[in-house]
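Working notes, beginning with the structure itself.
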């Protein structure tokens, strides 16, 4: 077996890391440049005179762009959406993995087939449904759609299928019903899968750009990705301000990666090999 601590290995890992970190570092450096310096050709990598002007414009000078409100909107929508996904998908996944009922395999097959349907096809039906419910231009338009996504159901079903059945059998002998077994026995043993699904759902909702523009009409109710698009003018772009907004949007993503990467790796490894 080849050792993975040789110089070529670390050289390759360093080059790969630079590919991913380079654009983020360039965006951060651009946020501290002046507007004129950000347009120089050839471009400069480090600001000659670092300035906080972009952050001042982003948070204090542009009243028409409430970035702080957009950030809170995104945080609230992504958190509520991730929580709802965990409840719905874990219940559906447990039913498909452990309970016996008619047409179970057909239902599971139909769920999997929806993964091959382009997401844009669901835009109009979801829009009309939210219109009937009166949820347009409301936070619920960002939270509820997609809570029963096929990937989440499949992911949890795969994980639950790999848990030892003896855990549930002992609970049934003690008189626990299906819901109590799911809540008290299954979920505590599914922490890696739950954390993984929560992170993926949170990031998908946080980074969503098309759907918020589609269902939100009031500027103060926009999410951060949708709101940041308003920072680009029709004829000119203030690149430092745009990059400052991009760094603000990257903060939750980086924080999640730092704190939950171990659970994500464990959850994917546990769910991906079970049939």
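Residue numbers (the numbering used here): 1 to 275. Here a beta-carbon is modelled for each residue, glycine too, at the ideal position from N, C-alpha and C.
If you draw a straight line from the alpha carbon of residue 180 to that of residue 169, how long is it in whole angstroms? In a straight line, the C-alpha of residue 180 is about 12 Å away from that of residue 169.
For residue 277 and residue 232, I'd like the C-alpha separation in whole angstroms. Coverage of the chain is limited to positions 1 through 275, which leaves residue 277 absent and any answer about it impossible.
Would you identify the three-state DSSP class for residue 234, choosing helix, strand or coil? Confidence at residue 234 is low in this model, with a pLDDT of 46, below 50, so the placement of that residue should be treated as unreliable; the coordinate-derived value is given next. The DSSP-derived three-state label of residue 234 is coil.
Based on Cα-Cα distance, which residue from 185, 221, 207, 257 lies nearest to residue 64? 221
Candidates 190, 241, 161: which alpha carbon is nearest residue 86's? Nearest C-alpha to residue 86 among 190, 241, 161: 190.
Given that a residue counts as buried once 16 or more other Cβ atoms are within 10 Å of its Cβ, and exposed if not, what is residue 238? buried
Using CA atoms only, rank isn't needed, just tell me which of 77, 104, 196 is closest to residue 146. If you compare the alpha carbons of 77, 104, 196 with that of residue 146, the shortest gap goes to 77.
Helix, strand or coil for residue 61? Go by DSSP, reduced to three states. helix
Nearest-angstrom Cβ-Cβ length linking residue 194 and residue 48, presumed shorter than 8 Å: Incorrect: roughly 48 Å between the Cβ atoms, too far for contact.
Contact set for residue 290: own chain, Cβ-Cβ below 6 Å, skip 5 residues either direction: Residue 290 lies beyond the stretch modelled for the chain, which goes from 1 to 275, so this question has no answer here.
Which value, in whole angstroms, describes the spacing of the CA atoms of residue 83 and residue 257? Between residue 83 and residue 257, the C-alpha separation is close to 18 Å.
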